[in-house]
Every structure is written in structure tokens, then in C-alpha cells.
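In this note's numbering, the protein residues as written are 537 to 703.
Every residue gets a Cβ at the ideal spot worked out from N, C-alpha and C, and that includes glycine.
Fair warning: this is a prediction, and the values are worked out from it, not measured in the lab.
Comments concern the structure below.
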């Protein structure tokens, strides 16, 4: 989803673009990527609908390692989300300059990247929020039996990840 959103946002692809599924065997640097379906071509919407590894890999390669990496960072991968949870991990996102074509292809469908649940929810929420990445919170308020409430978090926009109307 991140690779598709990035490619749509940059104009690298259009929603109706179609991609060959390479008879279910896409060769990237001698490594074969396969899918779980047999359609000869898929458009971008179908790639998302069926979660096509081949389609996502092709889109990631067309976008390029540097742009894909930039969008991973914009979506909040590879950095702590500041939810004030002591054990939170920043995840793993290697610098794009170390990526080979197979790394870019696999990153297109989520491999080669390690993320926390908070990072994943935040990224997908940004897509649902029209491109706005909001500060994640684990607890927004505490309600006491006497009716008193302590507000611990208010909605806060971190940054625009996508241009409006990208997705």
C-alpha cells in the first residue's frame, strides 16, 4: 500500500495502469517473485485488492529506491512514533543507498522493512486521513467513576504525507 500510495502521489503511476503478472514468475536479479493468483494482468486497484507481490514489486521498481525510501520515512517508518511508550522500537529501515533491485522490489510489498504496530496503524491512518499523518496516542483520556475526565492527548497533525486526493 505504501509503494502504491507513493507512486500515485508522485505521478509515477495512474490508478488504471495495468501491469503484466509475468505468468506468476517475476525475475528480479535472479530471484523469482510469485503471487497467489493467476491473472495475466492487473491494474493498480486490482494489485491492492488481491495483494499482488508482483504488482507491488513492479510499482516499487518503477518508483525507485530513493523515492520509496523517502515515502517510508514520511509515513513514519524507521523512527519512533513518540507515543511515550518506553519499549517502543523505531523498527528497521535500511538506507536506500544499500538497496539492491531485489530489496526495492521486496520493499514494495512490505519485506525488508520492520515496523511496530503503532507505525503501521499510523501509516494506514494517514492514507485514510487524506494524506495527513497524525500523532499516535495509546490513551486519549481517562474517565473516572465520578465523571471527571483527564484529557491526555489531542489530535495533532505531524505532517502531510500525500497530496490531497491522491488515493
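N-terminal and C-terminal residue of the beta strand (DSSP E) that residue i is part of
| i | result |
| --- | --- |
| residue 586 | Careful: residue 586 lies outside any beta strand (DSSP E), inside the alpha helix (DSSP H) at 580-586. |
| residue 658 | Per DSSP, residue 658 belongs to no beta strand (DSSP E); it is in the alpha helix (DSSP H), 653-664. |
| residue 555 | 554-556 |
| residue 563 | 562-564 |
Beta-carbon proximity check, residue i vs residue j, cutoff 9 Å
| i | j | result |
| --- | --- | --- |
| residue 669 | residue 697 | yes |
| residue 618 | residue 579 | no |
| residue 597 | residue 640 | yes |
| residue 565 | residue 616 | no |
| residue 675 | residue 685 | no |
| residue 667 | residue 700 | yes |
| residue 624 | residue 661 | no |
Identity of the residue in the options nearest residue i by Cα
| i | options | result |
| --- | --- | --- |
| residue 645 | 690, 571, 616 | 571 |
| residue 638 | 586, 585, 601, 588 | 601 |
| residue 581 | 692, 676, 537, 654 | 537 |
| residue 690 | 673, 682, 606 | 673 |
| residue 576 | 595, 677, 542, 555 | 555 |
| residue 694 | 659, 593, 682 | 659 |
| residue 628 | 680, 635, 613 | 613 |
| residue 688 | 699, 671, 700 | 671 |
| residue 632 | 679, 642, 654 | 642 |
| residue 611 | 684, 539, 686 | 539 |
| residue 567 | 599, 662, 593 | 593 |
| residue 630 | 624, 609, 621, 595 | 609 |
| residue 548 | 589, 586, 595, 657 | 595 |
N- and C-terminal bounds of the alpha helix (DSSP H) containing residue i
| i | result |
| --- | --- |
| residue 608 | 601-610 |
| residue 540 | 538-546 |
Residues bridged to residue i [DSSP beta-bridge criterion]
| i | result |
| --- | --- |
| residue 633 | Answer is none; residue 633 lacks a bridge partner. |
| residue 571 | BP columns for residue 571 are empty, so no partner. |
| residue 687 | 677 |
| residue 668 | 696 |
| residue 619 | Note: residue 619 sits in no beta bridge, so no partner. |
| residue 577 | 556 |
| residue 650 | 628 |
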